[in-house]
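S.K.: Residue numbers (my numbering): 379 to 553.
Built from N, CA and C at the ideal position, the CB exists for glycine as well.
Pasting in a structure now, in structure tokens, and then I'll have a few things to ask.
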């Protein structure tokens, strides 16, 4: 008997081919070229971490971060529409997609097309191919095998107004 994941993958498989191929510059069989996880982490912080957590419980770990988007923990290989979205306003869920190399690359290039215009995030997309490759390499590490993410050694400090001010002041001093 197929697992729930296999059932879901089978259900979305047909729709993935239809929905992604209609607008994508990268097909579903795309094989990710070499990239840098370290650079991907840097670019993820720049482009994605404002609204997306990398932890299974979607916790906020730095000042200025929100929970507007779903956690991107364990995103690779997950069927879209299964994630819980905090503070969701409107229907911005992308459905019928299995998040693998091709769909992730296409979504990062133009999320509005993939979501049929139903997104509220202030993200215009990333045109640079290599930056998207590096981010996908990093996103592949956001899973249960990454013990730092799955089992943090200490609970992150809560962000009281004083804590937020101290962190912002420290960040300004480092510039």
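Taking the alpha helix (DSSP H) that residue 482 belongs to, which residues open and close that run?
M.R.: Stepping through the chain shown from its first residue, residue 482 is reached at position 104. Segment 479-487, the alpha helix (DSSP H) holding residue 482.
S.K.: How many Å lie between residue 488 and residue 431 at the Cα?
M.R.: Your numbering for residue 488 matches position 110 in the chain shown. Your numbering for residue 431 matches position 53 in the chain shown. Approximately 20 Å between the Cα atoms of the pair.
S.K.: Figure out for me which residue from 523, 522, 513 and 525 has the closest Cα to the Cα of residue 427.
M.R.: For this step, residue 427 is matched to residue 49 along the chain shown. The shortest C-alpha separation from residue 427 is found at 513.
S.K.: In angstroms, rounded to a whole number, what distance separates the CA positions of residue 503 and residue 486?
M.R.: Your numbering for residue 503 matches position 125 in the chain shown. Your numbering for residue 486 matches position 108 in the chain shown. Roughly 5 Å between the two C-alpha positions.
S.K.: Just to confirm my understanding: we take residue 400, look at its own chain, exclude 5 residues before and 5 after, and list those with CB closer than 6 Å. What are they?
M.R.: Taking the first residue of the chain shown as 1, we reach residue 400 at position 22. Confidence at residue 400 is low in this model, with a pLDDT of 47, below 50, so the placement of that residue is unreliable and no value is reported for it.
S.K.: Take residue 411 and list the residues in its own chain whose beta-carbon comes closer than 8 Å to its own, dropping the five residues that flank it on each side.
M.R.: Position 33 of the chain shown, counted from the first residue, corresponds to residue 411. Hits under 8 Å: 511.
S.K.: What I want to know is whether the C-beta of residue 512 ends up closer than 7 Å to one or more non-hydrogen atoms of the ligand COA.
M.R.: Here there are no bound small molecules, and the ligand COA is not part of this structure.
S.K.: Measuring straight from C-alpha to C-alpha, what distance separates residue 464 and residue 446?
M.R.: As a working note, residue 464 is residue 86 in the chain shown. As a working note, residue 446 is residue 68 in the chain shown. Only weak support is given to the placement of residue 464: the predicted model assigns it a pLDDT of 46, under 50, and the question is left unresolved by the model.
S.K.: Would you call the CB atoms of residue 527 and residue 433 closer than 8 Å?
M.R.: Numbered from its first residue, the chain shown carries residue 527 at position 149. Numbered from its first residue, the chain shown carries residue 433 at position 55. Against a cut-off of 8 Å, the Cβ pair of residue 433 and residue 527 comes out as a contact.
S.K.: Can you tell me whether residue 422 is buried or exposed, with buried defined as 16 or more other CB within 10 angstroms of its CB?
M.R.: Along the chain shown, read from residue 1 onward, the residue named residue 422 stands at position 44. Buried, because 16 or more other Cβ atoms sit within 10 Å of the Cβ of residue 422.
S.K.: Closest by CA to residue 420, which one among 478, 404, 482 and 508?
M.R.: Numbered from 1 along the chain shown, position 42 holds the residue referred to as residue 420. Minimum Cα distance to residue 420 is reached at 508.
S.K.: Can you name the residues that DSSP bridges to residue 450?
M.R.: On the chain shown, position 72 is the one that residue 450 refers to. DSSP output for residue 450 lists no bridge partner at all.
S.K.: Quick one: Cα of residue 492 to Cα of residue 456, how far?
M.R.: What you label residue 492 is simply residue 114 of the chain shown in a count that begins at 1. What you label residue 456 is simply residue 78 of the chain shown in a count that begins at 1. When rounded, the distance between both Cα atoms is 16 Å.
S.K.: From residue 517 to residue 490, what does the alpha carbon distance come to, in whole angstroms?
M.R.: As a first step, residue 517 is located in the chain shown; it is residue number 139 there, counting from the start. As a first step, residue 490 is located in the chain shown; it is residue number 112 there, counting from the start. In this structure, the alpha-carbon of residue 517 lies about 20 Å from that of residue 490.
S.K.: Could you work out which residue in 440, 418 and 472 is closest to residue 506 when comparing CA atoms only?
M.R.: Position 128 of the chain shown, counted from the start, is the residue given in the question as residue 506. Checking every option, the nearest Cα to that of residue 506 belongs to 418.
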